[in-house]
Amino acid sequence: MSGKPVLHYVSVRGRMEPVKWLLAAAGVEFEERILKTKDDLQKLRTDGCLLFQQVPMVEIDGMKMVQTRAILNYIAGKYNLYGKDLKERALIDMYVGGTDDLMGFLLSFPFLSAEDKVKQCAFVVQKATSRYFPAYEKVLKDHGQDFLVGNRLSWADIHLLEAILMLEEKKSDALSGFPLLQAFKKRISSIPTIKKFLAPGSKRKPISDDKYVETVRRVLRMYYDVKPN
Amino acid sequence: MSGKPVLHYANIRGRMEPIRWLLAAAGVEFEERILKTKDDLQKLRTDGCLLFQQVPMVEIDGMKMVQTRAILNYIAGKYNLYGKDLKERALIDMYVEGLADLFELIMYHEFKPANEKEKDLANIMDKATNRYLPVFEKVLKDHGHDFLVGNKLSKADVSLLENILWLEELKPDALAKFPLLQSFKARMSNIPSIKKFLQPGSAKKPLIQEKDIPSVIAIFH
């Protein structure tokens, strides 16, 4: 037993990717168990490893944690990425809630038809540029600091960087009109642990392609009839 | 300015109801500004009150908080309903997030068209009785305590009670197979602050009436 967290999930970014980002940013090495078949998921279930019969599941500190938000809250708390007090935590939770909603629109993206992908892409970009990016640009403008909360790296910064990069994969100039977010992106990307995660060979997953889509559908038995927003 | 939290939302349970429950359970009095029309929502937006242009929004301790989870986490932390350490918080978060998944289904049920309601209810009850309720029955069985985590009231208990009661409104025998959850429900309902919230005249919202659905939908769309 290595003592490292063990991440159980399928081979797409999906709901586990923010967990990897956070662990990586905190400089925590982890292992992955990739579910390849329906039986892999079933085994976890019958072994009683999944509280609500679902993945993500992360083995960490003697717990088998499920529910992405619970896992992220725990890692953020443990590695001092959750602010210094209740009020900073409140801000972090609010900001993470926004980026979670935004990235949530992209969760089903790999499973949409080609035509619906175009629609969903337009939808997500519109939400990002008219609702979410302006909010974070204003936060940075109002306090003039390098990080979103408490003048210190927190989970909110890491989550926002992840969201920015995902949006730029959909529209490369998504940040045009947001100069502070552009500077933010550069700054956070150069933090050593994050720079390492962004380099080739890290555990960061690429965008899912069709090869993975069918596997995931089979394993999770979900995402068969997905509609755009 | 009264110092009480002010809740901004429509006159429905929706995403605000868990917040009303938690404040009530903590014994915290609050005020509500009910949005009746789209213009009410638009005014909050143009006044710059809504970080992501959305409600729920709760004015509390000098902040205009949005994002239901953020609001619930803050209230729970402030009023000692969030466990005593990181590990208890982890358990509470796991339970609350699981219940939030169930709540999402229950919450939207009110707005399903008539011809989809029966199938939707069957799906909700299937998830509740096969995935969620057994988990909490087992948690209570395994440790034999009155509360889900740390032998003390937490936001996990409040969330579980809220979901149980709403399930029973949809199907009165929802707890038939879960004796420990039945006694949990009775115990929790007797906690004075919660007992008060369950009485008529409290801020607890009723199920939505068919005739009111169009005006509510008009606010948000």
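Protein sequences, first through last, are from chains V and R.
To convert, note that position 196 of the first sequence is 196 in full-length UniProt numbering; the numbers rise steadily by one, no gaps.
To convert, note that position 101 of the second sequence is 101 in full-length UniProt numbering; the numbers rise steadily by one, no gaps.
For each residue, glycine too, the CB sits at the ideal point set by N, CA and C.
Residue burial classification, residue i (beta-carbon count within 10 angstroms, cutoff 16)
i, result
"V:Gly14", "buried"
"V:Gly27", "exposed"
"R:Met1", "With a pLDDT of 49 at R:Met1, under the threshold of 50, the modelled position of this residue cannot be trusted; read the value that follows with caution. By the neighbour-count rule (16 or more Cβ atoms within 10 Å), R:Met1 is not buried but exposed."
"R:Tyr108", "exposed"
"R:Pro5", "buried"
"V:Val118", "exposed"
"residue 236 of chain V", "Any answer about residue 236 of chain V is impossible in this case: the structure gives chain V only from 1 up to 229."
"R:Thr46", "exposed"
"V:His8", "buried"
"V:Met1", "Reliability of the predicted coordinates at V:Met1 is poor, the pLDDT of 49 falling under 50, and the value obtained from them is presented with this limitation in mind. It is exposed - the Cβ of V:Met1 has fewer than 16 other Cβ atoms within 10 Å."
"R:Leu207", "exposed"
"R:Phe220", "exposed"
"V:Arg45", "exposed"
"R:Ser183", "exposed"
"V:Pro110", "buried"
Member of the options whose CA lies at the smallest distance from the CA of residue i
i, options, result
"R:Lys127", "R:Ile164, R:Arg187, R:His143", "R:Ile164"
"V:Val66", "V:Lys117, V:Tyr79, V:Leu51", "V:Leu51"
"R:Met188", "R:Asp142, R:Ala24, R:Phe30", "R:Ala24"
"R:Lys177", "R:Lys78, R:Phe136, R:Ile213, R:Glu162", "R:Phe136"
"V:Asn151", "V:Val139, V:Val12, V:Val6", "V:Val139"
"V:Arg221", "V:Lys20, V:Pro200, V:Gln53, V:Ala25", "V:Gln53"
"R:Gln54", "R:Val66, R:Asp61, R:Thr46", "R:Val66"
"V:Phe133", "V:Pro192, V:Thr37, V:Leu167", "V:Leu167"
"V:Gly98", "R:Gly62, R:Leu102, R:Glu104, R:Pro56", "R:Pro56"
"R:Leu72", "V:Leu91, V:Lys205, V:Glu59", "V:Leu91"
"V:Ser170", "V:Phe123, V:Arg204, V:Leu148, V:Ile191", "One detail in the question is off: residue 170 of chain V reads as Lys in this sequence, not Ser. Taking only the C-alpha atoms, the option nearest V:Lys170 is V:Phe123."
"R:Gly62", "R:Glu32, R:His8, R:Gly3, R:Leu140", "R:Gly3"
"V:Asp85", "R:Tyr74, R:Glu169, R:Lys138, R:Met94", "R:Tyr74"
"V:Arg33", "V:Thr46, V:Pro110, V:Leu81, V:Met57", "V:Met57"
"V:Ile60", "V:Leu23, V:Thr37, V:Asn80, V:Lys36", "V:Leu23"
"R:Glu58", "R:Pro192, R:Lys36, R:Pro18", "Looking at the sequence itself, residue 58 of chain R is Val, so the reference to Glu does not match. Looking at the Cα atoms, R:Pro18 is the closest of the given residues."
"V:Val125", "V:Lys205, V:Ala114, V:Phe105, V:Ser113", "V:Phe105"
"V:Glu31", "V:Lys227, V:Leu165, V:Gly3, V:Arg45", "V:Gly3"
Opposing strand residues paired with residue i [DSSP bridges]
i, result
"R:Val58", "R:Leu7, R:Met65"
"R:Lys152", "R:Val149"
"V:Arg33", "V:His8"
"R:Ile34", "R:Tyr9"
"V:Met63", "V:Ile60"
Contact with chain R by residue i, beta-carbon distance below 8 Å
i, result
"V:Ala109", "According to the sequence displayed, residue 109 of chain V carries Phe and not Ala. No, its Cβ sits nowhere closer than 8 Å to a Cβ of chain R."
"V:Val66", "yes"
"V:Arg15", "no"
"V:Asp157", "no"
"V:Asn33", "Here residue 33 of chain V is Arg; the residue named in the question, Asn, does not match the sequence. Not an interface residue."
"V:Asp93", "yes"
"V:Phe184", "no"
"V:Phe52", "yes"
"V:Lys195", "no"
"V:Tyr132", "yes"
"residue 232 of chain V", "Within the shown structure, residues of chain V are numbered from 1 to 229, placing residue 232 of chain V beyond reach of any answer."
"V:Arg45", "no"
"V:Arg221", "no"
Contact check, residue i vs residue j, beta carbons under 8 Å
i, j, result
"R:Tyr82", "R:Ala76", "yes"
"V:Asp157", "V:Ile188", "yes"
"V:Tyr136", "V:Leu181", "yes"
"R:Ile106", "R:Ile92", "no"
"R:Tyr132", "R:Leu99", "yes"
"V:Lys185", "V:Leu198", "no"
"V:His159", "V:Pro5", "no"
"V:Met94", "R:Leu51", "yes"
"R:Leu7", "R:Arg15", "no"
"V:Leu72", "V:Ala163", "no"
"V:Thr193", "V:Ala25", "yes"
"V:Lys20", "V:Lys196", "no"
"R:Val96", "R:Ala174", "no"
"V:Lys38", "V:Arg218", "yes"
"V:Val12", "V:Lys205", "yes"
"V:Trp155", "V:Tyr82", "yes"
Within-8 Å CB hit, residue i to chain V
i, result
"R:Val135", "yes"
"R:Ala156", "no"
"R:Phe52", "yes"
"R:Gln67", "yes"
"R:Pro5", "no"
"R:Glu17", "no"
"R:Gly150", "no"
"R:Asp93", "yes"
"R:Asn80", "no"
"R:Met188", "no"
"R:Met57", "no"
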